[in-house]
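These protein sequences, in sequence, are chains A and B.
For reference, each letter of the first sequence is one residue, going 1 to 137 in UniProt numbering.
For reference, each letter of the second sequence is one residue, going 1 to 134 in UniProt numbering.
No residue lacks a Cβ here, since even glycine has one placed at the ideal position from N, Cα and C.
Because the structure is a prediction, the values reported are computed rather than measured.
Have a look at the structure below before the remarks.
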Amino acid sequence: MAGDWSLQPGDIPWGNRLGLELVSIGDGLSSLRVGWREELADEDETLATGVLTSLIDQACGVAVMSRLGRRLAISTLNLKVDHVRSPEARCSATAWAHCYDATERRAFVRTEVWDTDPSHLIATAQGVFSINRAVGP
Amino acid sequence: MTGFAQLLGSMISESGDAFVLTPVEYMIGNPLLPALHGGAVASFLEVAAKRALARKLPPGHFPKLISVNLQFLASARLDALVTTPKVRRVGRRIAVVHAEAFRREDPAAVCFAQLEFAVHEPIRVGGNADRHIL
Chain A
1 MAGDWSLQPG DIPWGNRLGL ELVSIGDGLS SLRVGWREEL ADEDETLATG VLTSLIDQAC
61 GVAVMSRLGR RLAISTLNLK VDHVRSPEAR CSATAWAHCY DATERRAFVR TEVWDTDPSH
121 LIATAQGVFS INRAVGP
Chain B
1 MTGFAQLLGS MISESGDAFV LTPVEYMIGN PLLPALHGGA VASFLEVAAK RALARKLPPG
61 HFPKLISVNL QFLASARLDA LVTTPKVRRV GRRIAVVHAE AFRREDPAAV CFAQLEFAVH
121 EPIRVGGNAD RHIL
């Protein structure tokens, strides 16, 4: 859906600071990517876990907006992140978030994160989000 | 300090067992409130928990995060956040840390994190130097 691109979260300062990029959005799904940069890495040159948590949190928000079809103010109620294995050194990470159910007030999202191979995950996450109100047109 | 620890570290100060985050504008996740990004609050708690745990490990041992379970209790404005991580268990392989972030001037908690770390022994590289991977 071309219209979905208006949901691109270009005005989220922390996402911009980390360089989170929207890859795709639609049907309750979103994909966000973060490129490797030295300032986002741990000492072993892998992306820091805090960067991955930030990527996941934002991907979840975009997936919720995609499911509900409009821009929303969303707050995270809870988020569980498992770091399945270390990412490759100096490698970007991509998150797939799926908002698999939502009401007017709450949304439920699962996320998978991979570095070089989508079938070889580096992190998985599950979260519940609170929907506060619609934003803008 | 390098990389992400440095990016965040410039905003984190330590006094005793407490860690204080003095957030800057680019940590905002919701510009309308404005409120800090959930990922920024989580990153602060992760860094504080990891540092608190590292102090309790034998020399050369280093923690690596396995899982974090976050519960958000209130939105965090652009005010200082304080956390005093509690190291609940240090085993030979696994350590558990709880960290709760509060606004400095408000006793209500903003975010509670339960973190499990793998505890790694020093890795030998080339048979002589210990390489610490944090």
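Close-in-space but distant-in-sequence residues of the same chain around residue i (CB under 6 Å, 5 per side omitted)
i	result
arginine 67 of chain A	Gly28, Cys99 and Ala102
lysine 86 of chain B	His98
asparagine 69 of chain B	Gln114
serine 24 of chain A	Ser31
leucine 84 of chain B	According to the sequence as given, residue 84 of chain B is threonine; it is not leucine. Here the set comprises Asp17 and Ala18.
aspartate 79 of chain B	Arg103
threonine 53 of chain A	Val81
lysine 50 of chain B	Pro63
Residues that residue i contacts on chain A, provided the C-beta gap is smaller than 8 Å
i	result
histidine 37 of chain B	Ile12, Pro13, Trp14, Gly15, Ser54, Asp57 and Gln58
isoleucine 66 of chain B	Asp82 and His83
glutamate 25 of chain B	Pro13
serine 75 of chain B	Ser75
Partners in chain A for residue i, counting only beta-carbon separations shorter than 7 Å
i	result
leucine 7 of chain B	Glu39
serine 10 of chain B	Result: empty, since nearest Cβ-Cβ is about 11 Å, beyond 7 Å.
phenylalanine 4 of chain B	Glu39, Leu40, Ala41, Asp42, Ala48, Gly50 and Val51
serine 43 of chain B	Gly50, Thr53 and Ser54
Proximal residues to residue i (C-beta, below 7 Å), its chain only, five neighbours per side dropped
i	result
arginine 88 of chain B	Val96, Val97 and His98
leucine 134 of chain B	Bear in mind that the predicted position of leucine 134 of chain B carries a pLDDT of just 46, short of 50, making it unreliable; the figure below should be weighed with that in mind. Here the set comprises Phe62.
valine 24 of chain B	Met11
leucine 8 of chain B	Ser43, Phe44 and Val47
alanine 48 of chain A	Leu40, Ala41 and Asp42
arginine 90 of chain A	Trp36 and Glu45
alanine 63 of chain A	Gly28, Leu29, Ser30, Ala97, His98, Cys99 and Val109
leucine 53 of chain B	Pro63, Val87, Ala95, Val97 and Phe117
leucine 126 of chain A	With the sequence shown as reference, residue 126 of chain A is identified as glutamine, and leucine is not the correct amino acid for it. Answer for glutamine 126 of chain A: Lys80 and Arg110, listed in chain order.
histidine 37 of chain B	Met27, Ile28 and Gly29
Own chain residues within Cβ distance below 8 Å of residue i, not counting five before or after
i	result
alanine 109 of chain B	Leu73, Ala74, Glu100, Ala101 and Phe102
arginine 37 of chain A	Gly19
isoleucine 94 of chain B	Ile66, Glu116, Phe117, Ala118 and Val119
glutamate 121 of chain B	Gly60 and His61
alanine 42 of chain B	Val68, Leu70, Cys111 and Ala113
residue 153 of chain A	Residue 153 of chain A is absent from the model: chain A starts at 1 and stops at 137.
asparagine 132 of chain A	Leu72, Ala73, Ile74 and Ser75
Closer than 7 Å at the beta carbon, the chain B residues around residue i
i	result
alanine 73 of chain A	Asn30 and Leu32
leucine 22 of chain A	The contacting residues do not exist; leucine 22 of chain A stays about 15 Å from chain B at best.
Neighbouring residues, chain B, relative to residue i (Cβ below 9 Å)
i	result
threonine 94 of chain A	Ordered by position in chain B, no residue passes the 9 Å Cβ test against threonine 94 of chain A, which lies about 16 Å from the chain.
leucine 32 of chain A	Going along chain B, no residue has its Cβ under 9 Å from leucine 32 of chain A, so there is no contact; the nearest lies around 11 Å.
leucine 121 of chain A	Near leucine 121 of chain A there are no residues of chain B at all, since even the closest Cβ is about 14 Å away, more than 9 Å.
8 Å Cβ cut-off: residues of chain B touching residue i
i	result
threonine 76 of chain A	Gly38, Leu70 and Phe72
glycine 68 of chain A	Inspection of the sequence shows that residue 68 of chain A is occupied by leucine rather than by glycine. Within 8 Å Cβ-Cβ: nothing; leucine 68 of chain A doesn't reach chain B, min ~17 Å.
Beta-carbon separation (whole angstroms), residue i vs residue j, contact threshold 8 Å
i	j	result
valine 34 of chain A	leucine 55 of chain A	5 Å
serine 130 of chain A	arginine 106 of chain A	6 Å
alanine 40 of chain B	methionine 27 of chain B	4 Å
glycine 3 of chain B	glutamate 21 of chain A	Their Cβ separation, rounded to whole angstroms, is 20 Å, which puts glycine 3 of chain B and glutamate 21 of chain A out of contact at 8 Å.
alanine 76 of chain B	alanine 35 of chain B	6 Å
Interface residues of chain A facing residue i [CB-CB closer than 9 Å]
i	result
glutamate 46 of chain B	Ala48, Thr49, Gly50 and Thr53
Unbroken stretches of the beta strand (DSSP E), 3 residues or longer, contained in the stretch 103-127 of chain B: 106-120 and 123-125
4 or more residues per run - each alpha helix (DSSP H) lying fully within the UniProt domain "Thioesterase" (36-106) of chain B: 38-54
In chain order, each alpha helix (DSSP H) run of at least 4 residues that lies wholly inside the stretch 42-96 of chain A: 49-68
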